[in-house]
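For reference, the structure discussed in these notes is given below.
Numbering (UniProt numbering), first residue to last: 1 to 307.
The following block contains the structure:
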């Protein structure tokens, strides 16, 4: 079996350096390591061009097309390669030295076309990356229970692109992730698309350290939320068992949030953030009849409300 890995990076040079060391240090080595540089401006391009490694190739993009675009470009290249399996990660995913060894062992004699490992953040399991489809009508999900990680493996429905391993023939069969999502939910849509061919087997002994801040119970609204809401609507329209019910529920839900945020903003409760979130909901609702179209100029990376 020949394994490849796609690493999408943007302006996180120190993380990328560590991520590449982890990729170079596998007990089952990668046949090809493809780094997709999303037009970084922090010296990433120069660093990558200075590395001499037989498995490494670099794709320098002329503009930042978001994580969704980066993964789509990377998978397009890998689909043309002779790799049998492809690992998909961001530059903040540090795979353990035996990650691919554990995955390769699970593949032997198995019928699944998609695999993953266990994501840990600051030493604790982060279940948000491995989810079950809880309600096919409303397209809601729930994390796989932490107790499931006590076994050797478990099967689930939806993964992030944080340690997902796909058979290359599956990629060729279903096509590429939706680059027009820009960020967020491109991985969810991709998993739902290939679900009719295979669910995902999580190999609990294959671990990666996700070098990010643990999820907050009260995350601050930012520009990324627009893309999350927008792309979730597109997914519901495509995959809900009852799309009209899903859309009606989503409209009512967003209108309710606008009303609640408006009332609390009048009381002075986190007013700038609530007004910004109301704008996001309004923009999502007014544009929901249109398919996602990449980066929206109203919500460029780094934008947000002023505290």
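No residue lacks a Cβ here, since even glycine has one placed at the ideal position from N, Cα and C.
Under the three-state DSSP convention, the category residue i falls into
i, result
"residue 274", "helix"
"residue 37", "strand"
"residue 251", "helix"
"residue 72", "helix"
"residue 320", "For residue 320 there is no data in the structure shown, the boundaries of the chain being 1 and 307."
"residue 23", "helix"
"residue 269", "coil"
"residue 79", "helix"
"residue 239", "helix"
"residue 299", "coil"
"residue 10", "coil"
"residue 189", "helix"
"residue 195", "coil"
"residue 135", "strand"
"residue 90", "strand"
"residue 284", "helix"
"residue 156", "strand"
"residue 202", "strand"
"residue 60", "strand"
"residue 121", "strand"
"residue 96", "coil"
"residue 210", "strand"
"residue 110", "coil"
"residue 163", "coil"
"residue 5", "strand"
Residue i classed as buried or exposed, judged by whether at least 16 other C-beta atoms fall within 10 angstroms
i, result
"residue 220", "exposed"
"residue 102", "buried"
"residue 178", "buried"
"residue 295", "buried"
"residue 260", "exposed"
"residue 186", "buried"
"residue 189", "buried"
"residue 292", "buried"
"residue 277", "buried"
"residue 73", "buried"
"residue 252", "exposed"
"residue 268", "exposed"
"residue 8", "buried"
Identity of the residue in the options nearest residue i by Cα
i, options, result
"residue 57", "89, 72, 37", "37"
"residue 52", "289, 82, 290, 24", "24"
"residue 155", "187, 41, 204", "204"
"residue 285", "239, 265, 228, 105", "228"
"residue 10", "63, 274, 207, 180", "63"
"residue 280", "99, 266, 262", "262"
"residue 107", "127, 95, 124, 166", "166"
"residue 152", "174, 207, 120", "207"
"residue 30", "65, 224, 95, 67", "95"
"residue 89", "149, 35, 232", "35"
"residue 132", "65, 145, 271, 112", "145"
"residue 163", "22, 12, 55", "22"
"residue 33", "55, 250, 174", "55"
"residue 288", "19, 253, 231, 257", "231"
"residue 218", "270, 28, 283", "270"
"residue 149", "290, 120, 272, 20", "120"
"residue 290", "233, 20, 272", "233"
"residue 272", "282, 250, 305, 283", "305"
Within 8 Å, strictly: CB atoms of residue i and residue j
i, j, result
"residue 130", "residue 147", "no"
"residue 194", "residue 176", "no"
"residue 3", "residue 61", "no"
"residue 16", "residue 41", "no"
"residue 211", "residue 92", "yes"
"residue 118", "residue 202", "yes"
"residue 182", "residue 69", "yes"
"residue 1", "residue 104", "yes"
"residue 223", "residue 168", "no"
"residue 127", "residue 143", "yes"
"residue 97", "residue 26", "yes"
"residue 265", "residue 275", "yes"
"residue 6", "residue 113", "no"
"residue 48", "residue 77", "no"
"residue 79", "residue 172", "yes"
"residue 258", "residue 192", "no"
"residue 28", "residue 100", "yes"
CB contact below 8 Å: residue i versus chain D
i, result
"residue 44", "Protein chains in the displayed structure number just one, and chain D is not present."
Residue i Cβ short of 7 Å to the ligand NAD heavy atom set
i, result
"residue 256", "Because no ligand of any kind appears in the structure shown, any question about the ligand NAD cannot be addressed here."
Any chance the stretch 153-170 sits against the stretch 238-245, with 3 or more Cβ pairs inside 8 Å? no
When you compare the stretch 246-255 with the stretch 296-303, are there three or more beta-carbon pairs, one atom per stretch, that lie closer than 8 Å? no
Do the stretch 230-240 and the stretch 128-142 touch if we need at least three Cβ pairs shorter than 8 Å? yes
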